[in-house]
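Novice: Sending over a structure as structure tokens; questions will come in a sec.
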Ligand SMILES: Cc1cc2nc3c(=O)[nH]c(=O)nc-3n(C[C@H](O)[C@H](O)[C@H](O)COP(=O)(O)OP(=O)(O)OC[C@H]3O[C@@H](n4cnc5c(N)ncnc54)[C@H](O)[C@@H]3O)c2cc1C
Ligand SMILES: Cc1cc2nc3c(=O)[nH]c(=O)nc-3n(C[C@H](O)[C@H](O)[C@H](O)COP(=O)(O)OP(=O)(O)OC[C@H]3O[C@@H](n4cnc5c(N)ncnc54)[C@H](O)[C@@H]3O)c2cc1C
Ligand SMILES: [Ca+2]
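Protein chains in written order, with my numbering: chain A, 254 to 917; chain B, 254 to 917.
See the structure below:
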């Protein structure tokens, strides 16, 4: 039966041009072509096999990752891949590795925080991987509060060196990826101390291991922090622990772009504005949003295909049972996630633009949009990663029992993804930052200062506070301006109401703390509005391909109407909509499910994922799930023997009532 | 520093008597004493060590579980433990094993579905573990829809035997725990066929493996289905796959309590009522609800203690930072889960009573309360397992980065728990059953038939449809009858509204399918009402111990007010409460957080969990988290060597730019 496509019927139902949708999803024909080519290259190379990952014990797993990373680098060189292609290759290898931190954090930190002179020394080494770097900020006792880090870097004017030291157990660096076993160097954040004065946290380049034999240098104690959530998953990464015992580095290994220490030990600011760091932050966060859409779309692709394969109940006269994707409850759980994957893709694309915009403004010394860009990226990072983590687990549940098997791919996808809710800013801490920005904006209403960018709607606060939703029929909920106003009104009202409640406190900080749960909800409302508005903006553009735009309109409708239903309480409490209008929204949502249903498989085919990248039997392209599950089961080590190891020692004596004399 | 209690300050703050609360949590002094004694026995026995679980590869992990199960049985015999004590011992060993299915499913199936004669043959063997049994219902292609199973049991009158056969790949038994490697016998569900006629699915006792050498008997192919979610976790269990090739069993191995096949091959019902099976179902589900409160309370205990240890931000003048448990956002995520753990405990206790009640009624041929009991247990199973699975993951996130480490205990707790949302009835499928019951009740309104038990409130439908919430001040939300009416009104209105919408469809089945997402929400509202009302009822009782009842009142308030806030949309859409009243509920909720805060550690101490049972460094009793994390990290196999395996083959050639000649 090789080659039979069990989902062919589903594919034939599609009412839009899948090839065009693939381009839309990829962002451009060029991006599509690179991704398509590189993903196939990886998928067809047995050296990149990953289905054995859940079965490997830690040491073998890690060694295998070292092999893949080296092999990937070898291929990158052999094939003379461009930077874009190389990064796509690492992406499709789909295995967390020290190289992620080297390219994703170490190199950007060097670029963002080193002087030109420093860059010309370190970057060539890093680019050729003659050194491997990691990003060592978090400590055992200090994560979210970076200003509370305890590691010290004390300037010694005698020798023109910094002395890096870990004064306490809690000051041990703890978590940095690539630190445990692989890195030769680290960007280390430590309190800069000159002449007895603490200048706060600064970054330093520290060599950790000998370039000869990879042994830790004197004064450095380093190791792996142990197993993390899940089989395979993030255990391919050597998150590490590191303590310094008075380790000396030359003065020029402080990253001196923004502030410097002179030969005499004088601390001073350079003329490069501090705000520059925000550029890197926007860059990293837009990457995280892009990754969210990728992880969520993988999970959705698996659950959607399997929901079309899986049949349960409803057989008439011995005919086939109903495909579970036809159940409205299944659609009601699955399609909003499908829609979210698209929504996050488009808001991610827009964030790329924002990054360019911010960079250009910074270059022109224009810092006016920074607070807004900062709040917006913080909020979108939080929103998309939380929704993605929850969404992956929901997709797993949508697959019933079989979703619990490692071969479904979903357990590993979940386990490897969830820390995105914590790293690069704990999601709740980030929402509190957004809330601060919102409260600041609210407090400036009427001051003449016009809110810009994603918060511009607050400029229409008067209108938004008094208007009422004018929806009368279910279809009215397809009107973009109606929808936008509903989300704007909800966000505005929640922020304004928080602002009013805050003003009742004599101590604003106390008020903020006391009301922080409400403030977080207001922040979520603001962030959801951004995603909805960027999706609607996307649909204003020309989108080629038969039926493509129509389908995206339905998908967008599912996104905002499912949000509206989920947060119905907000919309009703702020009295912008009536219960009747909320019910009409639900009616329209159901109608959109029916619209999307025949296109569901084609919508996930549009992600253009290879079976290798998906790594899921339940999600395999041809839908031939059951024989593959059966074959895969045989490979479990437990099946090496028919009678299990331990039968003679433990099972037999128990069954034969001879436990009293058994050695246990 | 051994023996220092880092949480002593927190413990001193408690405003209630912890020892009394421990009794309340356990259910009785007797239950407390048994649990306390047995949990310490397990904790103090190094043979039951479990912290190495995440590091063990599958085969070793499984072998180790065989050892523990045998050792546990040995101890049970040596110590002459009672049935209650033995089951507590297995519980505190805290490792999924074939024995769970043997005692939890195989033995109850024999008891519930075998004739007295059959029971007297099989039960003694099972009680002594001279045979090991599992429960083989689910197939590769058939789970929720049990009536769709494909395995056949065809009666052969010539030999007076049944021929058990797997006609297709999808008919392979798939998932049964204990089947893969350990069981000697199984209760197998198969379509009974006599004389060419299909009588639907029935249960059969089938021997799988030789009692001599444990090899599968002729015609039986059996093995393990492979790795499941998580490290350690459910991988200690040998969930299995099984196919039959015309396997013959004697006629008397059909479980014949309810229906029988005679020597002549005639199929007939016995005089024992079919409804008896519901008794077992109520029993199994009350156990699942009890397990939910246990799993959730473990997670909450870990997150609460760690939130008191963890400090982040807010340091003044170099003093200590703020304990994260003092942040209102942290409380707003954590305390409702703490409250849920208590709520589920009490509703679980009530379900035990319900089981007794149902059993007595069945014995008296009174089936009148069965539909209600069935709906209620289905709904509570769904509600509590969903909330627990989500709650464990939220607790993990509440621990920031460190929650992602296996040593936090939370990843394994999550991975081992989540299938409870799927087995014993997929949670959505169960809610749809509840919804059917609700719609039936609604359709009978006015027919004179009085709804009983947990649905009795529907008898007051007229009042509940027209009444309005009379809360005027935040404290009014502490009034139990106000609260109860709010939850009753919400549930009633959602059900009635669904009923009205259904009546617009000419085909009721079509209507049910189309509106199923709304119906599921109505079912959730009904189930939440049950939990709230049982908590409130509990508080009507005499509860001894200083401050205990007061604290439980606060905890109960947090439970229902956080639900009210989360589902504010329902309450507002049904117009029972106003936005202003919803806001007052939030105010009261915040006040209750402050009330509970100083008691938080004592409230989780009341669970009386040993450090062994918790299995979490972050949750350890003494709060001495950091040194323990540091020591535990050293034990990872990756730290066996300073320079990792694979350095010479993969890292060195990369760093030295010699990959071209490296063998990868
Ligand atoms: C897989 C993984 C990889 C990582 N990689 C790196 C790396 O390469 N380099 C590196 O330096 N670090 C790394 N980290 C560390 C990561 O950056 C931190 O875990 C993250 O910053 C969160 O900090 P924390 O763990 O201290 O959480 P905490 O701040 O301790 O959070 C604990 C709880 O407190 C709450 N909380 C904290 N502050 C507040 C507040 N002010 N108000 C309200 N609530 C609050 C949080 O919401 C959370 O619920 C990694 C972590 C993980 C899990
Ligand atoms: C860890 C574990 C242990 C187990 N142990 C055992 C055991 O010991 N013995 C045994 O016999 N079985 C066992 N099982 C199997 C378990 O009972 C089934 O997985 C469970 O009944 C769910 O069925 P399913 O997997 O077929 O899910 P499916 O029914 O295929 O569910 C897939 C999706 O379809 C949806 N769906 C299905 N029907 C409907 C409907 N009518 N309307 C709307 N939506 C629907 C579900 O909600 C779900 O989202 C175990 C499973 C697990 C995960
Ligand atoms: Ca809601």
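Glycine included, C-beta positions come from ideal geometry on N, C-alpha and C.
Using the three-state DSSP reduction, which class does residue 566 of chain B fall into: helix, strand or coil?
Specialist: If you number the second chain from 1, residue 566 of chain B lands on position 313. Coil at residue 566 of chain B, not helix or strand.
Novice: Could you name the residues of the same chain whose beta carbon sits closer than 8 Å to that of residue 480 of chain B, not counting the 5 residues immediately before and after it, in chain order?
Specialist: Counted from its first residue, the second chain places residue 480 of chain B at position 227. If we look at residue 480 of chain B and ignore the five residues flanking it on each side, its Cβ neighbours are 311, 488.
Novice: Give the straight-line distance between the Cα atoms of residue 216 of chain B and residue 588 of chain B, rounded to the nearest whole angstrom.
Specialist: With chain B running from 254 to 917 in the structure shown, residue 216 of chain B is simply not present.
Novice: Taking the straight line between their C-alpha atoms, what separation do you get for residue 776 of chain A and residue 390 of chain B?
Specialist: As a position in the first chain, residue 776 of chain A is number 523, starting the count at 1. As a position in the second chain, residue 390 of chain B is number 137, starting the count at 1. Their backbone Cα atoms lie some 48 Å apart in a straight line.
Novice: What ranges does the beta strand (DSSP E) occupy inside the stretch 260-346 of chain A, keeping only unbroken runs of at least 3 residues that lie completely in it?
Specialist: none
Novice: Identify whether residue 495 of chain B lies in helix, strand or coil by the three-state DSSP scheme.
Specialist: Locating residue 495 of chain B in the second chain gives position 242, counting from the first residue. Residue 495 of chain B falls in the strand class under three-state DSSP.
Novice: For residue 451 of chain A, which three-state DSSP category applies?
Specialist: In the first chain, the residue the question calls residue 451 of chain A occupies position 198. Of the three classes helix, strand and coil, the one that applies to residue 451 of chain A here is strand, per DSSP.
Novice: Measure the alpha-carbon distance for residue 533 of chain B versus residue 703 of chain B and round it to whole angstroms.
Specialist: Taking the second chain and counting its residues from 1, the one referred to as residue 533 of chain B is at position 280. Taking the second chain and counting its residues from 1, the one referred to as residue 703 of chain B is at position 450. Their Cα atoms are separated by approximately 26 Å.
Novice: Given a limit of 9 Å on CB to CB distance, which residues of the stretch 436-453 of chain B reach chain A?
Specialist: 437
Novice: Anything in chain B within Cβ reach of residue 908 of chain A, meaning under 9 Å, just list it in chain order.
Specialist: Within the first chain, the letter at position 655 stands for residue 908 of chain A. Result: 382, 383, 384, 385, 437, 464, 467.
Novice: Given that residue 821 of chain A touches chain B, what residues does it touch there, using C-beta distances under 7 Å?
Specialist: Within the first chain, the letter at position 568 stands for residue 821 of chain A. Under the 7 Å cutoff, chain B gives 822, 826.
Novice: Measuring only the C-alpha atoms, how far is residue 370 of chain B from residue 330 of chain B?
Specialist: As a position in the second chain, residue 370 of chain B is number 117, starting the count at 1. As a position in the second chain, residue 330 of chain B is number 77, starting the count at 1. The alpha-carbon atoms of residue 370 of chain B and residue 330 of chain B are separated by roughly 27 Å.
Novice: Quick one: residues in its chain with C-beta nearer than 6 Å to the C-beta of residue 853 of chain A, no 5 flanking neighbours on either side, listed in chain order?
Specialist: In the first chain, residue 853 of chain A corresponds to position 600, counting from 1. So the qualifying residues of the chain are 557.
Novice: What does a CB cutoff of less than 7 Å around residue 796 of chain A pick up in its chain, not counting 5 residues either side in sequence?
Specialist: The residue given as residue 796 of chain A occupies position 543 in the first chain. Result list for residue 796 of chain A: 277, 802, 805, in chain order.
Novice: Would you call the CB atoms of residue 591 of chain B and residue 542 of chain B closer than 8 Å?
Specialist: Along the second chain, read from residue 1 onward, the residue named residue 591 of chain B stands at position 338. Along the second chain, read from residue 1 onward, the residue named residue 542 of chain B stands at position 289. The answer is no: Cβ separation not under 8 Å.
Novice: So does residue 918 of chain A have its beta carbon nearer than 7 Å to some heavy atom of ligand 1?
Specialist: What the structure shows of chain A is the stretch from 254 to 917, and residue 918 of chain A is not part of that stretch, so it cannot be assessed.
Novice: Which whole-angstrom value is the C-beta distance of residue 910 of chain B and residue 383 of chain A, which I expect to be below 8 Å?
Specialist: As a working mapping, residue 910 of chain B is identified with position 657 in the second chain. As a working mapping, residue 383 of chain A is identified with position 130 in the first chain. Here residue 910 of chain B really is in contact with residue 383 of chain A; their C-beta atoms are around 7 Å apart, less than 8 Å.
Novice: Could you tell me which chain D residues have their CB closer than 8 Å to the CB of residue 425 of chain B, listed as they occur along the chain?
Specialist: Absent from the structure: chain D. Protein chains present are A and B.
Novice: I want to verify the contact list: residues of chain A whose CB lies under 8 Å from the CB of residue 766 of chain B, in sequence order.
Specialist: Taking the second chain and counting its residues from 1, one reaches residue 766 of chain B at position 513. Near residue 766 of chain B (Cβ distances below 8 Å), the residues of chain A are 580, 581.
Novice: Give, in chain order, every residue of the stretch 470-485 of chain B whose Cβ lies closer than 9 Å to some Cβ of chain A.
Specialist: 475, 476, 477, 478, 479, 480, 481, 482, 483, 484
Novice: For the stretch 744-755 of chain A, which residues have a CB atom closer than 8 Å to at least one CB atom of chain B, in sequence order?
Specialist: With the criterion set as a beta carbon lying under 8 Å from some beta carbon of chain B, the stretch 744-755 of chain A has no members that meet it.
Novice: Measure how close the beta-carbons of residue 493 of chain A and residue 429 of chain A come, nearest whole angstrom, since I'm counting them as under 8 Å.
Specialist: What you label residue 493 of chain A is simply residue 240 of the first chain in a count that begins at 1. What you label residue 429 of chain A is simply residue 176 of the first chain in a count that begins at 1. Indeed, because the Cβ distance is near 6 Å, the residues count as touching under 8 Å.
Novice: Hey, does residue 434 of chain A have any beta-carbon neighbour from chain B nearer than 8 Å?
Specialist: Stepping through the first chain from its first residue, residue 434 of chain A is reached at position 181. It does: the Cβ of residue 434 of chain A has a partner Cβ on chain B nearer than 8 Å.
Novice: Measuring CB atoms only, is the stretch 679-687 of chain A touching the stretch 727-746 of chain A, in the sense that at least three cross pairs come out at less than 8 Å?
Specialist: No, the stretch 679-687 of chain A does not touch the stretch 727-746 of chain A.
Novice: Can you look up residue 460 of chain B in the DSSP assignment and give me helix, strand or coil?
Specialist: The sequence position of residue 460 of chain B within the second chain is 207, counting from 1. Looking at residue 460 of chain B - three-state DSSP - the assignment turns out to be strand.
Novice: Do you know how far the Cα of residue 877 of chain A is from the Cα of residue 254 of chain A?
Specialist: One-based indexing of the first chain puts residue 254 of chain A at position 1. One-based indexing of the first chain puts residue 877 of chain A at position 624. Confidence at residue 254 of chain A is low in this model, with a pLDDT of 45, below 50, so the placement of that residue is unreliable and no value is reported for it.
Novice: Can you check whether the C-beta of residue 645 of chain B is within less than 8 Å of a C-beta belonging to chain A?
Specialist: Here residue 645 of chain B is taken as the residue at index 392 of the second chain, counted from 1. Chain A contact via Cβ: absent.
Novice: Give, in chain order, every unbroken run of the alpha helix (DSSP H) that is at least 4 residues long and sits entirely within the stretch 716-774 of chain A.
Specialist: 733-755, 761-767
Novice: Please report whether the beta-carbon of residue 813 of chain B lies at a distance below 8 Å from any beta-carbon of chain A.
Specialist: Within the second chain, numbered from 1, the residue matching residue 813 of chain B stands at position 560. Output row for residue 813 of chain B: interface = no.
Novice: DSSP on residue 914 of chain B, reduced to helix/strand/coil?
Specialist: By 1-based counting over the second chain, the position of residue 914 of chain B is 661. Three-state DSSP puts residue 914 of chain B in a helix.
Novice: Can you tell which of B:826, B:824, B:810, B:861 has its C-alpha closest to the C-alpha of residue 843 of chain B?
Specialist: Stepping through the second chain from its first residue, residue 843 of chain B is reached at position 590. Checked all of B:826, B:824, B:810, B:861; the closest Cα to residue 843 of chain B is B:810.
Novice: Between residue 486 of chain A and the rest of its own chain, which residues show a CB-CB distance below 6 Å, the 5 nearest in sequence each way excluded?
Specialist: In the first chain, the residue the question calls residue 486 of chain A occupies position 233. Cβ within range, chain order: 665, 668, 669.
Novice: Short of 6 Å in beta carbon distance, which residues of its chain neighbour residue 808 of chain B, apart from the five on each side in sequence? Order them along the chain.
Specialist: Position 555 of the second chain, counted from the start, is the residue given in the question as residue 808 of chain B. Closer than 6 Å at Cβ, skipping near neighbours: 592, 595.
Novice: Does at least one heavy atom of ligand 2 sit under 7 Å from the Cβ of residue 354 of chain B?
Specialist: The sequence position of residue 354 of chain B within the second chain is 101, counting from 1. Yes.
Novice: Helix, strand or coil for residue 842 of chain A per DSSP?
Specialist: Taking the first chain and counting its residues from 1, the one referred to as residue 842 of chain A is at position 589. Helix.
Novice: Does any C-beta atom of chain B lie closer than 8 Å to the C-beta of residue 254 of chain A?
Specialist: Looking up residue 254 of chain A in the first chain gives position 1. Residue placement at residue 254 of chain A cannot be trusted, given a pLDDT of 45 that sits under 50; what the coordinates show is reported in the next sentence. For residue 254 of chain A, the answer is no, since every Cβ of chain B falls outside 8 Å of its Cβ.
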